[in-house]
Every structure is written in structure tokens, then in C-alpha cells.
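Participant: Pasting a structure below so you can have a look.
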Amino acid sequence: SSVGFYDPNSLLRFLFSLPSMAQASLLLQKQLKDLYKHPVDGFSAGLVDENNIFEWNVTIIAPPDTLYEGGYFNAIMSFPSNYPYSPPTVKFTSDIWHPNVYPDGRVCISILHPPGEDPNGYEVACERWSPVHTVESILLSIISMLSSPNDESPANVEAAKEWRDRRNEFNKKVSRCVRKSQEML
Numbered sequence: 001s002s003v004g005f006y007d008p009n010s011l012l013r014f015l016f017s018l019p020s021m022a023q024a025s026l027l028l029q030k031q032l033k034d035l036y037k038h039p040v041d042g043f044s045a046g047l048v049d050e051n052n053i054f055e056w057n058v059t060i061i062a063p064p065d066t067l068y069e070g071g072y073f074n075a076i077m078s079f080p081s082n083y084p085y086s087p088p089t090v091k092f093t094s095d096i097w098h099p100n101v102y103p104d105g106r107v108c109i110s111i112l113h114p115p116g117e118d119p120n121g122y123e124v125a126c127e128r129w130s131p132v133h134t135v136e137s138i139l140l141s142i143i144s145m146l147s148s149p150n151d152e153s154p155a156n157v158e159a160a161k162e163w164r165d166r167r168n169e170f171n172k173k174v175s176r177c178v179r180k181s182q183e184m185l
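For reference, each letter of the sequence shown is one residue, going 1 to 185 in full-length UniProt numbering.
Listed below in C-alpha cells is the structure:
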């Protein structure tokens with residue numbers, strides 16, 4: 001009979017995951033509280049669901065004097081249970097045209113890549129994820145990415161080609177994304 005059967009391995013995995021998950025939860029609660037107490041220009045952040053500290057809604061206010069100026073771009077930050085030892089993922093839910101954003105919205109910047117050496121040889125270890133990064137440093141890096149696209153190792157190859165070779169077309173697509181983001185307010 002399967003009544004009362006449990007998998008001791010899954011129970012052990014759950015028990016061993018608690019300290020790391022609890023640590024991540026406490027750190028994220030502290031970072032969220034700090035952002036509420038001391039808001040940072042350029043973005044706002046909050047929880048998708050108040051019962052889940054591991055999923056955040058963020059709005060990035062595009063920096064002035066960039067192609068994205070005036071844009072309000074929404075994204076979801078998803079944190080792993082072993083945060084800060086592994087990086088979160090950031091995925092735009094707003095349309096955005098950028099060489100360092102995959103077509104599905106995932107952000108591709110060095111500090112969101114797992115720690116260690118880059119198997120492709122594009123990044124040195126010190127450019128990649130480190131537990132010293134915070135939600136604030138990640139979002140400020142994304143804002144910087146909007147100002148200075150990196151077209152050498154693009155996530156969106158078509159956007160990178162336009163950025164390099166057909167800047168007018170690139171600018172028009174970005175303008176459409178900015179207008180659409182304003183309409184969503």
C-alpha cells in the first residue's frame with residue numbers, strides 16, 4: 001500500500017535546503033526593506049506576491065540622454081534559493097529592443113552569469129556574479145546597460161546588427177518600445 005509512503009531522499013533534500021533558503025529569504029527581506037527606506041533613482045521594486053520573497057516586480061526608469069529616455073520597463077527578478085551564492089534572473093515583461101536582452105526578455109549581462117570562468121572565454125571571472133552584488137547593484141548595472149549596449153557578445157543578434165549597421169532602424173524600434181512602455185503606465 002502507498003498510504004503513508006514518503007521518499008526519505010526528498011525529505012532530506014528539503015531539510016538540507018532550509019538553512020540556505022532561510023538565509024536567502026532573510027537577505028532578500030533586508031534588501032527590500034533597505035530599498036523601501038532609501039529609494040534609488042532609476043528603479044522601483046516590490047514583490048510579485050507578498051508570500052514569495054523570491055519573485056520581485058521591478059520597474060526600470062530609463063536614464064535621461066539615452067535612446068530609452070522616458071521609458072518605464074517592467075521586469076521580473078527571480079532569485080534562487082541559494083541567493084546570494086547564485087545570481088537571480090531578470091526578465092523584462094515590457095517589450096524592449098536591446099542587444100543584451102534576449103527576444104524573450106531575459107537580460108544578459110556579465111554580473112548575472114554564474115560565478116567562475118566563462119566557458120566561452122568572453123568574460124573574466126571577476127566580471128561575473130559574486131555574492132557581494134545586491135538588488136541595487138544589479139538594477140544599476142541594467143540601467144547602465146541601457147546607456148551602453150555591448151554588441152560584442154549579444155543576446156539579441158538582430159538588435160546588435162541593427163545597433164552597429166542600421167542605427168536608424170534600431171532607434172525607431174527603441175522609440176516604439178518607449179512609447180509602448182508609457183502607454184502601459
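Yeah, the Cβ is synthetic: ideal placement off N, Cα and C, and Gly gets one too.
Keep in mind it's a predicted model, so treat the numbers as computed, not measured.
Taking 7 Å as the limit between beta carbons, can you name the residues of its chain near L67, skipping five residues before and five after?
Facilitator: N171, V174
Participant: For N57, which three-state DSSP category applies?
Facilitator: strand
Participant: Using only the alpha-carbon positions, how far apart do V157 and P149 sit?
Facilitator: 12 Å
Participant: Is it right to say C177 is buried, meaning 16 or more other beta carbons lie within 10 angstroms of its own, or is it exposed?
Facilitator: buried
Participant: Is DSSP giving I111 helix, strand or coil here?
Facilitator: I111: helix per DSSP, three-state reduction.
Participant: What are the start and end residues of the alpha helix (DSSP H) that includes N171?
Facilitator: 167–183
Participant: For the pair the stretch 70–89 and the stretch 52–61, tell me if three or more CB-CB distances fall below 8 Å.
Facilitator: Yes, the stretch 70–89 is in contact with the stretch 52–61.
Participant: Does the distance from the CB of A155 to the CB of N100 come in under 8 Å?
Facilitator: yes
Participant: Hey, T134 and Q29: beta-carbon distance below 8 Å or not?
Facilitator: Contact flag unset, no.
Participant: Check whether the Cβ atoms of Y72 and L185 lie closer than 8 Å to each other.
Facilitator: yes
Participant: Following the continuous beta strand (DSSP E) through L67, name the residue where it begins and the one where it ends.
Facilitator: Here L67 belongs to no beta strand (DSSP E), and DSSP marks it neither H nor E.
Participant: Quick check: the stretch 126–143 against the stretch 158–170, are at least 3 beta-carbon pairs closer than 8 Å?
Facilitator: no
Participant: Work out the CA separation of G105 and L35 for me, nearest whole Å.
Facilitator: 24 Å
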